[in-house]
Amino acid sequence: MIRLSAFADEISADLEEQIAVLKQEGIHYIELRSVWNTNVLHLSDEQLATIKQRLEANNLHVAAIGSPIGKVPVTAPFEEHMYQFERALIVARRMETPYIRIFSFYPPENEHERYRSEILQRLRSLADRAQEQGITLLHENEKLIYGDTIARNVDLLSTLEHPHFRAVLDPANYLECKQVPFPDAYTAIKPWLAYVHVKDVTHDGTLVVAGEGEANWPALLEQLRTDGYDGFFALEPHLAAAGQYQGFSGAALFRKASQSFQHLLKTMHWEYR
Numbered sequence: 001m002i003r004l005s006a007f008a009d010e011i012s013a014d015l016e017e018q019i020a021v022l023k024q025e026g027i028h029y030i031e032l033r034s035v036w037n038t039n040v041l042h043l044s045d046e047q048l049a050t051i052k053q054r055l056e057a058n059n060l061h062v063a064a065i066g067s068p069i070g071k072v073p074v075t076a077p078f079e080e081h082m083y084q085f086e087r088a089l090i091v092a093r094r095m096e097t098p099y100i101r102i103f104s105f106y107p108p109e110n111e112h113e114r115y116r117s118e119i120l121q122r123l124r125s126l127a128d129r130a131q132e133q134g135i136t137l138l139h140e141n142e143k144l145i146y147g148d149t150i151a152r153n154v155d156l157l158s159t160l161e162h163p164h165f166r167a168v169l170d171p172a173n174y175l176e177c178k179q180v181p182f183p184d185a186y187t188a189i190k191p192w193l194a195y196v197h198v199k200d201v202t203h204d205g206t207l208v209v210a211g212e213g214e215a216n217w218p219a220l221l222e223q224l225r226t227d228g229y230d231g232f233f234a235l236e237p238h239l240a241a242a243g244q245y246q247g248f249s250g251a252a253l254f255r256k257a258s259q260s261f262q263h264l265l266k267t268m269h270w271e272y273r
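Residue numbers 1 to 273, in UniProt numbering, belong to the letters of the sequence shown in order.
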């Protein structure tokens, strides 16, 4: 059965408000990206323990770690980034999730081909290390990273062909890169698809709730169901702000995004948890 999750820091920086809204919306999973205005990789062991205890007490589980790994220039030292990645692996194990969301580095403008080999080498190192820990990396097609377009994303996925390096489908991100999320992107990355992010954008770049933009969510959902998708749909609406490292909606707008997406699922009678 498909499951709903959410980047709960879109609701509030406060953990208790995040939990309250998720419970009101009937969402049982969280994408752990930040709490108390602190990025997930900078949370202390004590803070992680508190988060885990409060989530478990409210029947909530961590679907994925929303890490910023790979969201740095490819020219930055890799050893320092690997140190951060080790922390991401520790956090994933402590929060009992098999997934870490990552990116594929920022190449200098118009120098994608020059840095392709370096990026592939870095991603393979990350994926190999993740495999050792039983963790799967979820690559998000974020704007301006190497794998932001359909062609470059497929290049990464097919060249690596790594069981612990899988694809996120983020339709709005593809639209922001002038790509067609459905059917083009979906069809291209389908062999590696493991996760879906839920947000939408209009032709003028305004972020809106799923179904009100250009992502063609109803058709995408129908195809996903036909193809047997049974993973997560992670709400990441960015309705109030969209920054480099995280977006924000606030409680009211997050509820609107949640209810709009759940309405799409209910309309097509697709059961979810």
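We put the CB at the ideal spot given by N, CA and C, even for glycine.
Here the structure is a predicted model, which is why all the values come from computation and not from measurement.
Pairwise C-alpha distance: residue j and residue i
i	j	result
Ser5	Asp128	27 Å
Ile11	Arg122	33 Å
Pro181	Glu222	14 Å
Arg166	Met82	19 Å
Ile100	Arg87	11 Å
Pro107	His42	25 Å
Pro163	Met268	32 Å
Arg124	Ile189	18 Å
Glu25	Thr75	42 Å
Ala92	Ala185	28 Å
Leu169	Phe78	26 Å
Ala210	Ala194	19 Å
Phe85	Val40	12 Å
Closest Cα partner of residue i within the set the options
i	options	result
Asn58	Leu253, Asp148, Leu157, Val21	Val21
Ile135	Asp204, Trp217, Arg94	Arg94
Lys178	Lys143, Leu156, Val168, Leu193	Lys143
Glu16	Arg54, Met1, Glu10	Arg54
Leu253	Glu214, Val208, Leu265	Val208
Pro191	Ser67, Gly228, Asp45	Gly228
Asp230	Tyr272, Pro237, Gly205	Tyr272
Leu235	Val196, Met268, Glu214, Glu111	Val196
Asp9	Gly66, Pro73, His61	Gly66
Ala257	Ala219, Asp200, Thr149, Ile69	Asp200
Asn153	Tyr245, Arg33, Phe105	Phe105
His28	Ser44, Phe7, Gly250	Phe7
Glu31	Gln18, Glu46, Val62	Val62
DSSP bridge partner residues for residue i (one or two, in chain order)
i	result
Arg3	Phe232
Ala252	Beta-bridge pairing links Ala252 to no other residue.
Glu31	Ala64
Where residue i falls, given that 16 or more other Cβ within 10 Å makes a residue buried
i	result
Thr97	buried
Trp36	exposed
Arg114	exposed
Pro183	exposed
Lys266	exposed
Ala49	exposed
Asn110	exposed
Ala215	buried
Lys71	buried
Pro171	buried
Taking the runs of the alpha helix (DSSP H) that are 4 residues or longer, which of them lie wholly in the segment 57 to 128?
-> 78 to 94
Output the residue ranges of the beta strand (DSSP E) runs that lie fully inside the segment 139 to 201 and measure 3 residues or longer, sorted by chain position.
-> 165 to 169, 193 to 198
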